[in-house]
Ligand code: GDP
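In my numbering, the protein residues as written are 224 to 560.
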């Protein structure tokens, strides 16, 4: 059975009333590739924008198996018990191929998922990281407008997706393990540079002491990085997501970060910069889509493709030619209007 189409104001009212069904439907709407849905989605986003932004946005990354879902489940519980409303979102561009979407597995975070004060949404499907992260950003604003005041965005620590998450959060947390060979192995230096805190998980049982030692080593390693422009020195903490130890301390650290960044103006500056990037990203997305959907371009591409594949034609020269054709056809359209 197809559901009745909703109006823009029905979506907006549903979101503002924190109606979970409407939140889910609105997120499905922004994830839709249909041009008609996208037009409605744009209006819905415009309508809810003034109500968004009142949250702490936290990015969480780490290699598979480090304990991200266990951490998010119990950290999320800690948050709701302190009166927060928590939304959990994800960016996993690999989910398309592997079908193993993070947060997609229903057995994960069951406890938090059944809590009325929390909302969990799996990673949107998509062929490009840009598309996947744009959808997550919109889902984040929808959740904020619905009154969620903590947004946790999970991503797998294996590639570019953490840069995308960093570009939409206030605080970026890297989960790590002790004793995984050389202490800085496995995690790219670039990710250590962008994190606001490193948390060594599984600090329990026989792993308690190694975790404490690792904490010291990481803290020393972090001193080698230049100070951040916001004056924050990345912290190193230990926790046990399973035994729920160290979680309060992590929350205190994030609250302390928030207070300091609000006071020195970085909080708002960072978000302002993120909004500009968002604008640029969306311009690129719209241009690219309009380019590749252009009939003229499609025909030209089909014609030259064999010669590009064989190496007879220069991709650089042809790219410029195609862009010229595209801008010219757009220009003619404007002249006529
Ligand atoms: P993810 O792949 O990063 O989401 O990791 P999971 O949350 O699925 O956890 C991977 C495995 O590590 C599971 O078997 C968890 O039970 C276990 N695990 C997660 N956190 C802890 C912890 O704090 N201590 C211990 N001992 N095991 C943990």
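Note that beta-carbon positions come from the ideal geometry of N, C-alpha and C, so glycine has one too. Quantities reported herein were computed from a predicted structural model and do not represent experimental measurements.
Taking non-hydrogen atoms of the ligand GDP into account, the C-beta of residue 300 is found less than 8 Å away from none of them.
Under the three-state reduction of DSSP, residue 458 is assigned to strand.
The closest heavy atom of the ligand GDP lies 8 Å or more from the beta carbon of residue 348. Residue 460 sits away from residue 484, with the two beta carbons spaced by 9 Å or more. Relative to the ligand GDP, residue 336 has its C-beta separated by 8 Å or more from all heavy atoms. Of the heavy atoms belonging to the ligand GDP, at least one sits nearer than 8 Å to the Cβ of residue 463. The straight-line gap separating the alpha-carbon atoms of residue 526 and residue 374 is approximately 47 Å.
Taking 9 Å as the cut-off, the Cβ atoms of residue 314 and residue 384 count as close.
DSSP, reduced to helix, strand and coil, places residue 392 outside both helices and strands of the structure shown, so it counts as coil. Contact between residue 508 and residue 357 is confirmed by a C-beta separation of about 7 Å, below the 8 Å threshold. It is roughly 40 Å from the alpha-carbon of residue 282 to the alpha-carbon of residue 541. A straight line joining the alpha-carbon of residue 389 with that of residue 522 spans about 39 Å.
If you keep only unbroken alpha helix (DSSP H) runs of at least 4 residues inside the stretch 471-516, you get 489-516. Per the Cβ contact rule, the stretch 251-258 is not in contact with the stretch 287-294 (fewer than 3 Cβ pairs under 8 Å). Between the ligand GDP and the CB of residue 428, the shortest heavy atom gap is smaller than 8 Å.
Of the candidates 466, 471, 444 and 472, 444 places its Cα closest to the Cα of residue 456.
Take the alpha-carbon of residue 510 and the one of residue 550: they are about 11 Å apart. In this structure, residue 391 lies near residue 363, with their beta-carbon atoms less than 9 Å apart. Set against 8 Å, the gap from the CB of residue 425 to the closest heavy atom of the ligand GDP is smaller. When secondary structure is reduced to three states using DSSP, residue 464 falls in the coil class, being assigned neither helix nor strand. At a cut-off of 8 Å, the beta-carbon of residue 384 does not count as near the ligand GDP: no heavy atom of the ligand is closer than that. For residue 534, the number of other beta carbons within 10 angstroms of its own is below 16, and it is reported as exposed. Boundaries of the beta strand (DSSP E) around residue 378: 373-379.
With a threshold of 16 other beta carbon atoms within 10 Å, residue 543 falls short and is exposed. The three-state reading of DSSP puts residue 421 in strand, counting E and B together. The criterion of a C-beta distance shorter than 9 Å is satisfied by residue 402 and residue 430. Proximity to residue 273 across 531, 238 and 262 peaks at 238, based on C-alpha coordinates.
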